[in-house]
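S.K.:
Protein chains in written order, with this note's numbering: chain X, 1 to 169; chain U, 1001 to 1193.
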């Protein structure tokens, strides 16, 4: 695997190190290999949703019951989930990390995808802290996101730079 | 049609040590019970109660989790039903209070108010058991048997609308705890907080 890619094994290791018990998720076009790894892990529950906003209340319920969920969705779904993020995560003080596929992201600063155009603006409008990861060297930012979520009892986003990751082998 | 308060009184006799997410029945349930295992969350974001109930049931498999959802919430998040059915939490009891209207906004009818078969949708989504009641005597008679079996089970209840028409700022706030306090309280009671 190229060092310029973010490998799914690295993401899995970060999840395990941070005690994630459940992945509440909706697949995007880039996460197939990560899906296979998650599915093979007997200690990880996958909760598939049909619309990304549903992940927020499910994660809140899991947290209320003592679990440590992580949400795995694409930025398009995050944009659709605004009220659920506000009400079920921010409003209930749920310390959860959302790993969000950054569709349309390019390092070059020029994109042709409005999903990317509005992603960081959305997060700033909601005052949700976020970290960008593009390759394995950035992976410690995932742990920083978990630490910040726990410290603030609020959702924190990890944006997965779409252009570089190696999830879809 | 039944009164929500009567439905909840009947349920209360069989509640045991269940966690109760009172949802759209919250105002009435507060008159019956207000412990750390009662979760009057209000309305964090419409359509999400079923997901919260699912998450709590998955995290606490040895604890019965009961949710009083609504038809308006269900219509907003029909896709939650296949997710719940797929996860199949045996400890999850999913009631909906179907008053056929958006009561808190003045009583406008929900789409398909008279036609939608919610128990049928739940069954078709994969819930192994689903029931409908519009008569309190039938509900009273059947409830013990329903609760004696495993979840996930879906129980649709036709109830009379209690329409609120006063401006939101003039309404009496019935909740005693904030929603985030409700979550921290239940985590404490479950020994996970």
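All C-beta atoms in this analysis are idealised placements derived from N, C-alpha and C, irrespective of residue type, glycine included.
For residue 70 of chain X, count neighbouring Cβ atoms within 10 angstroms of its own Cβ and tell me buried if that reaches 16, exposed if not.
M.R.: Counting Cβ neighbours within 10 Å, residue 70 of chain X comes out buried, since at least 16 surround it.
S.K.: Identify whether residue 71 of chain X lies in helix, strand or coil by the three-state DSSP scheme.
M.R.: Residue 71 of chain X falls in the strand class under three-state DSSP.
S.K.: What does the alpha-carbon distance come out to for the pair residue 1086 of chain U and residue 1039 of chain U?
M.R.: Looking at the two C-alpha atoms, the distance is approximately 25 Å.
S.K.: Which value, in whole angstroms, describes the spacing of the CA atoms of residue 1164 of chain U and residue 1174 of chain U?
M.R.: Residue 1164 of chain U and residue 1174 of chain U: Cα-Cα distance of roughly 13 Å.
S.K.: Are the region 1102–1122 of chain U and the region 1155–1172 of chain U touching by the rule of at least three beta carbon pairs closer than 8 Å?
M.R.: Contact between the region 1102–1122 of chain U and the region 1155–1172 of chain U is present, because at least three Cβ pairs lie under 8 Å.
S.K.: Using the Cα positions of residue 124 of chain X and residue 146 of chain X, report the straight-line distance between them to the nearest angstrom.
M.R.: Computed Cα separation, rounded: 19 Å.
S.K.: Ignore the nearest five residues each way along the sequence and tell me which others in residue 1007 of chain U's own chain have a CB closer than 6 Å to its CB.
M.R.: 1157, listed in sequence order.
S.K.: Once you ignore the five residues that flank residue 1084 of chain U on each side, which residues in its own chain have a CB closer than 6 Å to its CB?
M.R.: Same-chain partners within the cutoff: 1054, 1152.
S.K.: If the cut is a Cβ gap below 7 Å, which residues of chain X does residue 1068 of chain U touch?
M.R.: The premise fails here: residue 1068 of chain U is roughly 15 Å from chain X at the closest Cβ pair, so nothing lies under 7 Å.
S.K.: May I ask which residues mark the beginning and end of the alpha helix (DSSP H) holding residue 1123 of chain U?
M.R.: Per DSSP, residue 1123 of chain U belongs to the alpha helix (DSSP H) from 1118–1125.
S.K.: Residues bridged to residue 25 of chain X by DSSP?
M.R.: According to DSSP, which records beta bridges pairwise, residue 25 of chain X is partnered with X:48, X:72.
S.K.: Indicate whether residue 1097 of chain U and residue 1019 of chain U have their beta-carbon atoms separated by less than 8 Å.
M.R.: It is not a contact, given that the beta carbons lie outside the stated cut-off.
S.K.: Please confirm if residue 1180 of chain U has its CB atom under 8 Å from at least one CB of chain X.
M.R.: So, interface residue.
S.K.: Given a limit of 7 Å on CB to CB distance, which residues of the region 80–112 of chain X reach chain C?
M.R.: No chain C is part of this structure, whose protein chains are labelled X and U.
S.K.: How close, in whole Å, do the beta carbons of residue 1122 of chain U and residue 1154 of chain U come, if the pair is a contact with beta carbons under 8 Å?
M.R.: Residue 1122 of chain U to residue 1154 of chain U, Cβ: 4 Å. Contact.
S.K.: So, with DSSP's three-state summary, where would you put residue 136 of chain X?
M.R.: Of the three classes helix, strand and coil, the one that applies to residue 136 of chain X here is helix, per DSSP.
S.K.: Beta-carbon within less than 8 Å of residue 1050 of chain U's beta-carbon, same chain only, minus the 5 sequence neighbours each way: which residues are those?
M.R.: So the list reads 1067, 1069, 1073, 1074, 1077, 1080, 1081, 1084, 1094, once near-sequence residues are dropped.
S.K.: For the beta strand (DSSP E) holding residue 1129 of chain U, just list the boundary residues, first then last.
M.R.: 1129–1133 is the span of the beta strand (DSSP E), which, as asked, contains residue 1129 of chain U.
S.K.: Grouping DSSP H, G and I as helix and E and B as strand, with all else coil, what is residue 161 of chain X?
M.R.: If DSSP states are grouped into helix, strand and coil, residue 161 of chain X belongs with the strands.
S.K.: Helix, strand or coil, according to DSSP, for residue 252 of chain X in the structure here?
M.R.: Look at the range of chain X in this structure, 1 to 169, and you will see that residue 252 of chain X is not part of it.
S.K.: At a CB distance below 8 Å, what residues from the region 41–54 of chain X approach chain U? Give them in sequence order.
M.R.: Against chain U - using a Cβ distance shorter than 8 Å - the residues of the region 41–54 of chain X are 45, 47, 48, 49, 50, 51, 53, 54.
S.K.: Would you mind telling me which residues of chain U sit closer than 9 Å to residue 57 of chain X, beta carbon to beta carbon, in chain order?
M.R.: Chain U residues near residue 57 of chain X: 1044, 1045, 1047, 1048, 1049, 1050, 1051, 1052, 1053, 1054, 1055, 1077, 1080.
S.K.: If you reduce the DSSP assignment to three classes, tell me which class residue 1088 of chain U lands in.
M.R.: In this structure, residue 1088 of chain U counts as coil in the three-state DSSP scheme.
S.K.: Pick helix, strand or coil for residue 1034 of chain U, following the three-state DSSP scheme.
M.R.: In the structure shown, residue 1034 of chain U sits in coil (DSSP, three-state: anything other than H, G, I, E or B).
S.K.: Using the C-alpha atoms, what's the distance from residue 1046 of chain U back to residue 1100 of chain U?
M.R.: Straight-line Cα distance between these residues: approximately 16 Å.
S.K.: When the cut-off is 8 Å and only beta carbons count, does residue 60 of chain X lie next to chain U?
M.R.: Yes - at least one Cβ of chain U is within 8 Å of the one on residue 60 of chain X.
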